Amino acid sequence: MKITVVGTGYVGLVTGTCLAETGNDVLCIDIDENKIKIMQQGKVPIYEPHLDLLFERNIKAGRLKFSTSLDEGLDHGNIIMLALPTPEDEDGSADLSYILGVAKDIGTKIKDYKVIVDKSTVPVGTADLVSEVISKETNVDFDVVSNPEFLREGFAVDDFLKPERIIIGSSSERATKLMQKLYKPFVRSGNPIIIMDERSAELTKYAANSFLATKITFMNEIANFCERVGADVDKVRVGMGTDSRIGKRFLFPGIGYGGSCFPKDVKALYKSANDVDYKFHILDAVIEVNDVQKRVLIPRIEKYFNNDLSGKRIAVWGLAFKPETDDIREAPSLYMIDDLLERGASIRVFDPEAMPNVKAKYGDKISYADGMYDATLNADALVISTEWSIFRTPDFIRLKENLNNSVIFDGRNLYDVEDMAQEGFHYSSIGRKEAN
Ligand SMILES: NC(=O)c1ccc[n+]([C@@H]2O[C@H](COP(=O)([O-])OP(=O)(O)OC[C@H]3O[C@@H](n4cnc5c(N)ncnc54)[C@H](O)[C@@H]3O)[C@@H](O)[C@H]2O)c1
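Residue numbers (this note's numbering): 1 to 436.
Right, dumping it as structure tokens:
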């Protein structure tokens with residue numbers, strides 16, 4: 001099949017590459033000329049595990065191409081997939097200007113029947129809006145399908161190739177059949193392609209992300225409560241997670257959720273509900289708790305240094321909003337760095353993949369280490385904000401030698417509290433007692 005993907009970010013590039021992998025002829029379009037140039041030179045512009053292999057293979061096979069021209073995109077694909085940004089607008093709603101802008105362009109350029117597929121996360125009613133915008137410009141026949149994407153950054157290729165389910169929101173039999181044909185190779189083991197109306201499909205994505213954000217936030221509140229009553233959240237987590245109604249995943253407490261999806265999607269669903277006079281109380285609380293949780297380590301760091309952080313050198317391990325990605329959008333690390341800088345501390349950071357993105361944001365306001373131990377050299381404390389695997393079993397002797405004080409503030413509960421006490425560290429984590 002001939003596919004055009006408009007928007008070649010984390011979702012669009014993975015979508016385009018994986019669709020090429022099953023034999024489709026894919027053209028990826030982006031307005032970012034530099035990004036397109038990099039890809040035309042055979043380089044992947046983002047860090048996403050295993051993407052490079054598929055990317056190279058499909059370029060070589062001539063199934064994956066790149067362009068900045070939407071005209072070319074419309075000439076090429078029978079299916080036009082939109083993987084465009086839907087960032088948070090000033091009032092918390094999803095900014096639809098990218099989607100509706102491209103929809104208008106499609107309307108002016110469309111020459112024959114196309115299925116326009118919305119893979120971006122969009123509020124209920126967007127498929128109808130996209131249809132309206134296109135229809136204003138043309139009489140050519142087309143269908144709009146809502147096909148929300150559930151891939152996780154860091155596991156995106158695997159998630160796309162082996163999805164737990166595919167959601168197709170469509171009222172057109174013709175478009176639905178085409179979408180089923182497109183996704184059939186990805187669900188050979190029997191995972192479902194679930195067909196529903198466009199509005200339900202759009203809401204499914206928001207409901208799923210908001211539920212997961214709520215689950216994380218609930219555990220963060222349990223952790224905060226544990227600290228006040230001397231319970232250990234790790235034990236509570238395991239105890240709860242073995243109940244199959246609850247499940248083991250998404251129960252790890254920490255310094256809040258971040259990333260390009262949960263924060264904006266929770267806010268957008270809250271705002272959508274507000275727009276129809278429904279106050280989504282639970283999401284209001286989730287937003288509020290998460291805002292505080294992102295900074296939960298700051299008062300502890302201040303207390304340790306007698307409320308004076310000026311001139312203190314803080315090492316930060318982990319900058320990406322989660323491991324296995326270079327994405328720093330809404331990363332809790334950034335909130336902490338801002339707060340620490342504001343209090344006069346100097347910051348030296350290390351992350352296996354996200355350093356270039358952080359450098360682009362902070363420049364010389366902070367310093368960048370060559371490795372995880374280099375970051376801790378002569379630092380007064382170590383703060384951990386992303387649970388990359390390489391941080392899980394560090395050389396504690398080397399750490400003690402490097403640090404001016406044997407103190408770690410761990411926002412991801414990487415180490416055992418008893419072990420840290422034995423190693424002689426002051427160790428503060430989430431929802432557990434402090435060591436020393
Ligand atoms: N990142 C995720 O893990 C993830 C997962 C599921 C769903 N989503 C949703 O998918 C959508 C895309 O997310 P993303 O993370 O891939 O975004 P992104 O910011 O990484 O990529 C968007 C791309 O669109 C391009 N673009 C912007 N305007 C354009 C235009 N007019 N024409 C062509 N290209 C244009 C940008 O240059 C960029 O490369 C969002 O709605 C997001 O909520 C994201």
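Every residue, glycine too, gets a C-beta built ideally from N, C-alpha and C. Quantities reported herein were computed from a predicted structural model and do not represent experimental measurements.
How would you call residue i, buried or exposed, if buried means at least 16 neighbouring beta carbons within 10 angstroms?
i           : result
residue 242 : exposed
residue 380 : buried
residue 237 : buried
residue 245 : exposed
residue 197 : exposed
residue 293 : buried
residue 278 : exposed
residue 316 : buried
residue 256 : buried
residue 175 : buried
residue 202 : buried
residue 291 : exposed
residue 229 : exposed
residue 234 : buried
residue 30  : buried
residue 48  : buried
residue 8   : buried
residue 437 : For residue 437 there is no data in the structure shown, the boundaries of the chain being 1 and 436.
residue 163 : buried
residue 272 : buried
residue 36  : buried
residue 177 : exposed
residue 415 : buried
residue 393 : exposed
residue 276 : exposed
Near residue i, which residues of its chain fall below 6 Å by C-beta distance, leaving aside the five closest residues on each side in sequence?
i           : result
residue 18  : 160 and 161
residue 130 : 103 and 144
residue 437 : Residue 437 is absent from the structure shown; the chain starts at 1 and stops at 436.
residue 232 : 432
residue 78  : 2
residue 20  : 26, 58, 63 and 64
residue 325 : 153 and 154
residue 106 : 134
residue 251 : 219, 237 and 241
residue 407 : 381 and 426
residue 85  : 98
residue 441 : The chain is shown only over 1 to 436; residue 441 falls outside these bounds and no answer can be derived.
residue 400 : 406
Would you say residue i and residue j are within 7 Å of each other, going by their C-beta atoms?
i           : j           : result
residue 319 : residue 369 : no
residue 119 : residue 83  : yes
residue 152 : residue 191 : no
residue 149 : residue 266 : no
residue 57  : residue 25  : no
residue 348 : residue 309 : no
residue 346 : residue 300 : no
residue 259 : residue 411 : no
residue 350 : residue 331 : no
residue 51  : residue 44  : yes
residue 110 : residue 138 : yes
residue 28  : residue 55  : no
residue 295 : residue 339 : yes
residue 122 : residue 217 : no
residue 22  : residue 185 : yes
residue 262 : residue 209 : yes
residue 90  : residue 264 : no
Which residues in the same chain as residue i place their Cβ atom closer than 8 Å to its Cβ, once the five residues preceding and following it in sequence are excluded?
i           : result
residue 421 : 427, 435 and 436
residue 328 : 319, 320, 321, 334, 354, 357, 358 and 361
residue 182 : 1, 3, 19, 24 and 79
residue 341 : 347, 365 and 366
residue 402 : 373, 376, 377, 378 and 379
Using DSSP bridges, identify the partner residues of residue i.
i           : result
residue 4   : 27 and 80
residue 196 : 169
residue 282 : Its beta-bridge partners do not exist; DSSP assigns none.
residue 426 : 407
residue 142 : 114
residue 455 : Past the boundaries of the shown model lies residue 455; the chain is included only from 1 to 436, so the question cannot be answered.
residue 64  : 26
residue 435 : 427
With a threshold of 7 Å on Cβ separation, who are the neighbours of residue i within its own chain once the five nearest residues in sequence on each side are excluded?
i           : result
residue 388 : 318, 323 and 352
residue 193 : 166, 168, 180, 183 and 187
residue 227 : 431
residue 214 : 282 and 286
residue 71  : 109
residue 76  : 2, 4 and 27
Unbroken stretches of the alpha helix (DSSP H), 4 residues or longer, contained in the stretch 316-396: 332-342, 355-362 and 372-376
Whole alpha helix (DSSP H) runs in the stretch 182-263 with 4 or more residues, listed along the chain? 198-229 and 233-241
Going residue by residue through the stretch 286-318, where are the continuous alpha helix (DSSP H) segments of at least 4 residues, counting only ones entirely within it? 298-304
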